[in-house]
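Line by line, the protein sequences are chains A and B. Okay, so the first sequence: first residue is 3 according to the working numbering, each after it adds one. Okay, so the second sequence: first residue is 100 according to the working numbering, each after it adds one. Glycine included, each C-beta is placed from N, C-alpha and C at the ideal position.
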Amino acid sequence: MISANLPILHVIVPLIGAPLGLMFRRSPTGAWLLALIISWFTLADSLALLLIVSGGEAVSYEIGDWAAPWGIEYRVDMLAAYLIVIVSGIGAVTMLYARQSVEAEIPRDRIYLFYTMYLLTLSGLLGIATTGDTFNLFVFLEISSLSTYVMVSLGAERRALTAAFRYLVLGTLGATFYVIGVGLMYQMTGTLNMADLVNRLPEVAETRTILAAVAFLTVGIGLKLGLFPVHVWLPNAYTYAPSVVTAFLAATATKVAVYVLVRIYYTLFKGGVFETLPVDEILLALSIVAIVAMSAVAIFQTNVKRLLAYSSVAQIGYMLIGISLATITGLTAGILHLFNHALMKGALFLALGCVFFRIRSVNVDDMAGLAKVMPWTMAAFVTGGLSLIGIPLTVGFVSKWYLILATLEKEWWPLAAAILFSSLLAVIYMWRVIEVAYFRERPAGAVSIGEAPLAMLVPMWVLVGANVYFGIDTDLTVGTARAAAALLMGG
Amino acid sequence: METVIGLFNYWIVIVLMMAGFYIVIAQENMIKKMVGLSIFQVAVFVFYISMSNVFGGTAPIAAEGFTRYSNPLPHVLILTAIVVGVATTALGLALIVRIKEEFGTIEDDQIRDMEEHGEESGA
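So this is what it looks like as structure tokens:
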């Protein structure tokens with residue numbers, strides 16, 4: 003009974019949990035416990051799903067028992083299960099970490115609202131990854147986006163409000179573009195169900211309507227995922243959101259949008275879209291600019307959160323390069339980096355959360371000598387940074403390895419060189435922070451502080467540990483990514 | 100003439116869509132940005148409703164003597180999209196109220212000035 007309902011439980015439980023969170027107005031701890039329990043429940047559910055679909059069979063669920071073309075179908079295949087595990091896993095770890103960090107950063111009487119919004123975001127993100135219906139996907143996209151805007155606006159500084167507003171305007175434009183794209187596809191095929199679209203799109207793939215649809219979908223999702231020229235909402239939103247929100251969003255929201263792009267290109271159009279419209283070349287060009295230019299911009303940031311936000315835009319470039327190469331190895335690298343980047347950015351932003359918890363700042367200069375007083379936090383930051391750069395024995399190395407392999411397969415040497423060059427830039431911007439924290443003295447008269455509390459250190463080190471573990475034992479991640487890529491390219 | 104009158108709805112959609120989009124880009128006033136955003140969204144609603152029309156079809160209510168009906172599905176979809184649009188507008192306006200309280204203005208260019216000169220980032 004319960005196993006038949008697995009594909010919907012991880013979406014519906016947080017969705018029901020969100021209004022329940024409103025009851026914990028006077029008890030922030032109660033709201034936190036609710037969010038924590040639900041997050042771990044979704045993780046358990048998603049791991050069970052991954053086990054079921056790892057045989058290669060996709061699981062399908064008909065909502066309300068309405069058969070597929072009329073009702074909404076939920077469909078979990080390898081790629082979806084993999085993404086659901088990323089989102090719920092990061093959610094579970096950040097919730098473990100959240101209690102003290104949230105109490106320090108969000109006014110007490112608003113904490114229950116934060117957890118309510120978090121649960122809505124979780125439900126929305128998991129829904130996007132699960133649904134097999136293009137319009138239902140839009141609804142989940144907006145559920146997650148609207149609650150994300152609220153979470154960003156909960157930041158302590160007033161600039162969080164403007165960051166949230168600008169994110170809202172661009173995010174809504176993106177979602178509306180997506181709806182236009184879906185409408186154009188519906189006009190030509192008469193269906194919204196992805197499985198149906200796969201069969202009906204090839205006949206009309208050459209028409210101008212479908213080409214326009216692809217363009218609208220690409221731009222719309224590009225806005226959501228922080229594609230290079232339309233990423234302008236991202237640095238401010240990441241910088242001014244509360245630490246926990248930044249860690250959760252950086253590790254999940256953009257990844258889910260990348261997943262949607264993969265679904266559109268490789269599931270709906272089976273990769274054939276690249277022959278009629280050069281979106282792969284456009285994405286590739288933009289991504290190359292992103293990995294170099296955004297890494298260079300990151301070097302000059304004084305706010306470490308903003309520095310990592312720019313680095314995120316660059317890292318999304320790596321994923322898009324993998325995806326736009328349109329080979330199995332390239333796609334494997336792109337999908338693999340979804341997971342690996344979630345691990346490293348999650349760990350780095352959680353480390354910054356610890357820093358902010360103690361010194362109430364994430365400016366580079368304020369972090370002088372911090373390694374002496376917060377050795378565990380800074381060690382986590384360094385490990386996350388090494389992973390970001392792509393040092394062997396970390397997950398970052400594994401992704402870069404496969405990405406370089408994919409470029410060499412095509413014999414695109416300059417592209418491989420660009421990837422290596424942007425890794426060097428990553429060394430520079432990470433080194434700036436590490437140098438200040440390790441080799442400078444604490445300023446005279448600084449308030450004496452200690453290490454972050456254990457309840458924050460442990461979840462952070464779980465992510466750091468995952469960075470190293472999956473950097474050494476790559477069977478699970480690479481295996482799943484490759485199987486998902488093979489399914490996408492083959493089917 | 101066919102393309103002008105026969106596709107009248109679609110011309111309106113394009114005009115509305117571009118007008119809304121332009122307002123979002125060009126206006127500095129945040130309320131006006133929200134107005135532009137709403138117009139942009141409404142254009143998409145009209146687009147969906149227009150494409151559900153079937154030549155010679157009636158409203159999709161089963162009744163004697165009618166065999167051709169318009170497609171009801173896009174109408175239902177747009178009901179959902181309208182709800183999303185209302186939520187977006189509400190949240191946007193709520194944020195504008197808070198921005199006005201904190202910055203004392205809702206002109207985006209003035210706020211950008213204040214942000215760049217008035218305060219250090221990330222304190």
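Rounded to the nearest angstrom, the Cβ distance from A/Val299 to A/Gly386 is 20 Å, too far for a contact under 8 Å. For A/Tyr114, no pairing in a beta bridge is given by DSSP. Interface with chain B (9 Å Cβ-Cβ cutoff): A/Leu163 is included. Burial state of A/Lys374 is exposed, judged by a 10 Å Cβ sphere holding fewer than 16 other Cβ atoms. The beta-carbon of B/Ala186 is placed less than 9 Å from the nearest beta-carbon of chain A. The C-beta distance from A/Ala165 to A/Val152 rounds to 12 Å, too long to fall under 8 Å, and the pair is not in contact. In the same chain as A/Leu388, and ignoring 5 residues on each side of it, the C-beta atoms closer than 6 Å to its own belong to Thr396, in chain order. Contact between A/Arg101 and A/Trp34 holds, since their C-beta atoms are separated by about 5 Å, short of 8 Å. Of A/Asn201, A/Ala197, A/Ser297, A/Ile130, the smallest CA-CA separation from A/Tyr84 is found for A/Ile130. Residue-level contact check: A/Thr178 touches chain B, since one or more beta carbons of chain B fall below 9 Å from its beta carbon. Each residue's CA atom was taken as its position, placing B/Ala186 and A/Ala316 some 32 Å apart.
Counted as a single uninterrupted DSSP element, the beta strand (DSSP E) harbouring A/Ser62 occupies residues 61-64. The beta carbon of A/Ala177 sits closer than 6 Å to the beta carbons of Leu143, Glu144 from its chain, once the five residues preceding and following it are set aside; these are given in chain order. Unbroken beta strand (DSSP E) runs of no fewer than 3 residues, entirely contained in the region 126-204 of chain B, are not found. Per the DSSP secondary-structure output, A/Tyr76 pairs in a beta bridge with A/Tyr63, A/Thr133.
The C-alpha of A/Val206 is placed about 44 Å away from the C-alpha of A/Leu309.
If you draw a 10 Å sphere on the C-beta of A/Trp235, you find 16 or more other C-beta atoms in it, and that means buried. If you look at A/His343, you'll find it in the alpha helix (DSSP H) that goes 330-361.
Listed by position along chain A, the residues whose Cβ is nearer than 8 Å to that of B/Gln140 are Thr174, Thr178. Remark: C-beta atoms of A/Lys257 and A/Ile391 do not approach each other more closely than 9 Å. Contact between A/Pro461 and A/Val95 holds, with the beta-carbon distance rounding to 5 Å and staying under 8 Å. Assignment of B/Glu206 by DSSP, reduced to helix, strand and coil, places it in the strand class. Within its own chain, the residues whose Cβ lies closer than 6 Å to the Cβ of A/Leu51, once the five positions on either side in sequence are excluded, are Leu8, Val78, Ala83, listed in chain order. The C-beta of A/Tyr312 has 16 or more other C-beta atoms within 10 Å across all chains shown, which makes the residue buried. Sequence-ordered contacts of the region 109-127 of chain A with chain B are nonexistent [C-beta pairs closer than 7 Å]. Within the region 177-242 of chain A, the alpha helix (DSSP H) runs of at least 4 residues that lie entirely inside it are, in chain order, 196-206, 210-227, 235-242. Distance from the CA of B/Asp207 to the CA of A/Val275, rounded to the nearest whole angstrom, comes to 39 Å. Positions of the beta strand (DSSP E) runs, each at least 3 residues long and wholly inside the region 7-45 of chain A, cannot be given because no such run exists. Across the structure, A/Asp135 and A/Arg265 are spaced so that their CA atoms are roughly 11 Å apart. Note that the region 286-300 of chain A does not touch the region 117-131 of chain B; fewer than 3 beta-carbon pairs, one per stretch, sit closer than 8 Å.
Taken in chain order, the whole alpha helix (DSSP H) runs of length 4 or more contained in the region 248-299 of chain A are 275-278, 281-291. Put simply, the CB of A/Glu144 is near chain B, with a gap under 9 Å to one of its CB atoms. If the five residues before and after A/Ala106 are omitted, its C-beta is found closer than 7 Å to the C-beta atoms of Phe359, all from its own chain and listed in chain order.
Non-local beta-carbon contacts of A/Leu45 in its own chain, meaning distances under 8 Å to residues more than five positions away in sequence, involve Val87, Ser90, Gly91, Gly93, Ala94 in chain order. Taking the Cβ atoms as the reference, A/Ala487 lies roughly 4 Å from A/Leu333, within the contact range of under 8 Å. Per the coordinates, the alpha-carbon of A/Gly192 lies some 41 Å from the alpha-carbon of A/Leu163.
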